[in-house]
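Numbering (the working numbering), first residue to last: 167 to 541. Glycine included, C-beta positions come from ideal geometry on N, C-alpha and C.
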Amino acid sequence: MNRNLELRACALAAALLVSACGGGDSATDATPPTVAITAAAGPGGTVVFTFAFSEDVGNSFAAEDVAVDGGNTAATVTRLDDTRYTLSVLQVSGTVSVTVGAGKFADAANNFNVASASQSYADPSSNVPAGYSLVWSDEFSSAGLPASGKWAYDTYRNKDGWFNNELQYYAKERLENSSIADGVLSITAIRERLSSAPDYGGQNFTSARLITQGKFEFRYGFVEVRAKTPCSLGTWPAIWTLGIPSDNWPVNGEMDIMEQRGVSTGDKATVLGTLHMPAHYAGGGLTASRSVPDACTAFHKYQLTWTANQIQIGIDGVVYNTYDKPAGANASTWPFDVPQYLLLNLAIGGDLGGPVPAGFATDRLQVDYVRVYQK
167 MNRNLELRAC ALAAALLVSA CGGGDSATDA TPPTVAITAA AGPGGTVVFT
217 FAFSEDVGNS FAAEDVAVDG GNTAATVTRL DDTRYTLSVL QVSGTVSVTV
267 GAGKFADAAN NFNVASASQS YADPSSNVPA GYSLVWSDEF SSAGLPASGK
317 WAYDTYRNKD GWFNNELQYY AKERLENSSI ADGVLSITAI RERLSSAPDY
367 GGQNFTSARL ITQGKFEFRY GFVEVRAKTP CSLGTWPAIW TLGIPSDNWP
417 VNGEMDIMEQ RGVSTGDKAT VLGTLHMPAH YAGGGLTASR SVPDACTAFH
467 KYQLTWTANQ IQIGIDGVVY NTYDKPAGAN ASTWPFDVPQ YLLLNLAIGG
517 DLGGPVPAGF ATDRLQVDYV RVYQK
């Protein structure tokens, strides 16, 4: 979540997650449980409330079932899966409150579900294109390891060594390398030899590479990731996507929403946006750079707009790399019609990371949120 905003739940002050439970017949219970939550932020943005239930509630969740105070009552509901729904409310005052009678959402046996609610705030300055709605996100609101329902760990090259002359071992489900605290995901690189790991390949550094492959894949949309890069030389952070299947790269394409070199101090004040495809890949990828003097000391919004005919890569609402689908496009010049999945990682050394200073001990890529919107 955006830590610059005050977010509070109106029932349990100790957490941003509110739960309401009940049992019995929802048709006859006079006082069904409710799920109520409040978001306080500046007017003009969109507050996204996510409601989750323990059983499939079918298609019964609708905007008219929600009492909205302080926002546009013509709120939109999106069904994410069998048990999760999002309610997007355009904020018109300083605080938005929504209340839902959990008893409205009975399971097949007409019993109450366990219901919970959480919130996120979509800042109007995020430049979400008109007509796009949130379809997937991670606000990193639960401390500990990243949510296993959203993220997997890419470790398959640990034994043989990673591509591009990289020097890290990517650890799986290890808090030292991937952890959430205070609403922020940290992917941490450490100088250490994890020689006890069965797939250890002799690396002198550990880190993590998170992927949504098999969890969430998408075709076209607007992606926004709010992140802060590491300052240390020798580090190579990346926020990117790969086409499915990815084992025949670059046939199905790659979109690098943000990469950062680590050879010089100037590299740490610059970010790159690059596209890879059979006609343009590796050192010949279609790349552009953007000066970001505080990239490693402040959070920025890294953005991708992907349509059937154009790809744009930007930061904080400023597009700096655009690729239009060529006339007579083929699989070599436009492989971007297949679903892609998201990746977050911090590599050490390698072709873009450069030499690792002898004094390097640890540094991290921090991610505030990841959001995907579609029409």
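Counterpart residues of residue i in DSSP-defined beta bridges
{"i": "Thr354", "result": "Arg530"}
{"i": "Val546", "result": "Residue 546 lies beyond the range of the chain shown here (167 to 541); nothing can be said about it."}
{"i": "Leu512", "result": "Pro403"}
{"i": "Thr488", "result": "Gln478"}
{"i": "Trp302", "result": "Val538"}
{"i": "Arg543", "result": "With the chain running from 167 to 541 in the structure shown, residue 543 is simply not present."}
{"i": "Leu333", "result": "None, per the DSSP bridge assignment."}
{"i": "Lys394", "result": "Gln532"}
{"i": "Asp422", "result": "Trp406, Thr440"}
{"i": "Phe384", "result": "Gln506"}
{"i": "Ala296", "result": "Ala296 is not bridged to any residue."}
{"i": "Ala318", "result": "Ile377"}
{"i": "Ser344", "result": "Ile353"}
{"i": "Gly556", "result": "Look at the range of the chain in this structure, 167 to 541, and you will see that residue 556 is not part of it."}
{"i": "Thr431", "result": "Its beta-bridge partners do not exist; DSSP assigns none."}
Whole-Å CB distance - residue i paired with residue j, under 8 Å assumed
{"i": "Gly400", "j": "Gly494", "result": "No, Gly400 and Gly494 are not in contact; Cβ-Cβ is about 43 Å, not under 8 Å."}
{"i": "Tyr468", "j": "Leu300", "result": "Actually they are not in contact, since the Cβ atoms of Tyr468 and Leu300 sit about 17 Å apart, beyond 8 Å."}
{"i": "Gly380", "j": "Val504", "result": "Not a contact, Cβ separation roughly 15 Å."}
{"i": "Asp461", "j": "Ser498", "result": "In the sequence on display, residue 461 carries Ala and not Asp. Not a contact, Cβ separation roughly 33 Å."}
{"i": "Leu333", "j": "Phe371", "result": "6 Å"}
{"i": "Met424", "j": "Ala404", "result": "7 Å"}
{"i": "Gly516", "j": "Asn293", "result": "The Cβ separation is near 32 Å, so there is no contact."}
{"i": "Ala464", "j": "Arg357", "result": "Not confirmed; about 25 Å, so no contact."}
{"i": "Gln506", "j": "Thr407", "result": "4 Å"}
{"i": "Leu531", "j": "Ile353", "result": "5 Å"}
Residue burial classification, residue i (beta-carbon count within 10 angstroms, cutoff 16)
{"i": "Asn475", "result": "exposed"}
{"i": "Glu339", "result": "exposed"}
{"i": "Pro523", "result": "exposed"}
{"i": "Phe329", "result": "exposed"}
{"i": "Ala309", "result": "exposed"}
{"i": "Ser412", "result": "buried"}
{"i": "Gly419", "result": "buried"}
{"i": "Tyr335", "result": "buried"}
{"i": "Ala355", "result": "buried"}
{"i": "Lys541", "result": "exposed"}
{"i": "Asn343", "result": "buried"}
{"i": "Asp490", "result": "exposed"}
{"i": "Asp326", "result": "exposed"}
{"i": "Arg359", "result": "exposed"}
{"i": "Ser362", "result": "exposed"}
{"i": "Ser457", "result": "exposed"}
{"i": "Ala240", "result": "With a pLDDT of only 49 at Ala240, under the threshold of 50, the placement of this residue in the model should not be trusted, and no figure is reported."}
{"i": "Ser430", "result": "exposed"}
{"i": "Asp529", "result": "buried"}
CB contact below 8 Å: residue i versus chain B
{"i": "Gly368", "result": "Included in the structure is just one protein chain, with no chain B present."}
Handout entry: Any 3 or more C-beta pairs closer than 8 Å across the stretch 532-540 and the stretch 304-317
Key = At 8 Å Cβ cutoff, the stretches touch.
Handout entry: Those runs of the alpha helix (DSSP H) which lie wholly inside the stretch 437-486 and span at least 4 residues
Key = If we require 4 residues or more, the stretch 437-486 turns out to have no alpha helix (DSSP H) run fully inside it.
Exercise for the section: Could you say if the stretch 384-391 and the stretch 344-351 meet the contact criterion of at least three C-beta pairs nearer than 8 Å? Expected result: For the pair of segments examined, the stretch 384-391 was found not to touch the stretch 344-351: the number of CB pairs separated by less than 8 Å stays below three.
Practice task
Pair every Cβ in the stretch 367-378 with every Cβ in the stretch 504-519, then say whether three or more of these pairs are closer than 8 Å.
Solution key: Output reads yes: the stretch 504-519 touches the stretch 367-378.
Exercise for the section: Pair every Cβ in the stretch 474-491 with every Cβ in the stretch 390-408, then say whether three or more of these pairs are closer than 8 Å. Expected result: These segments do not touch.
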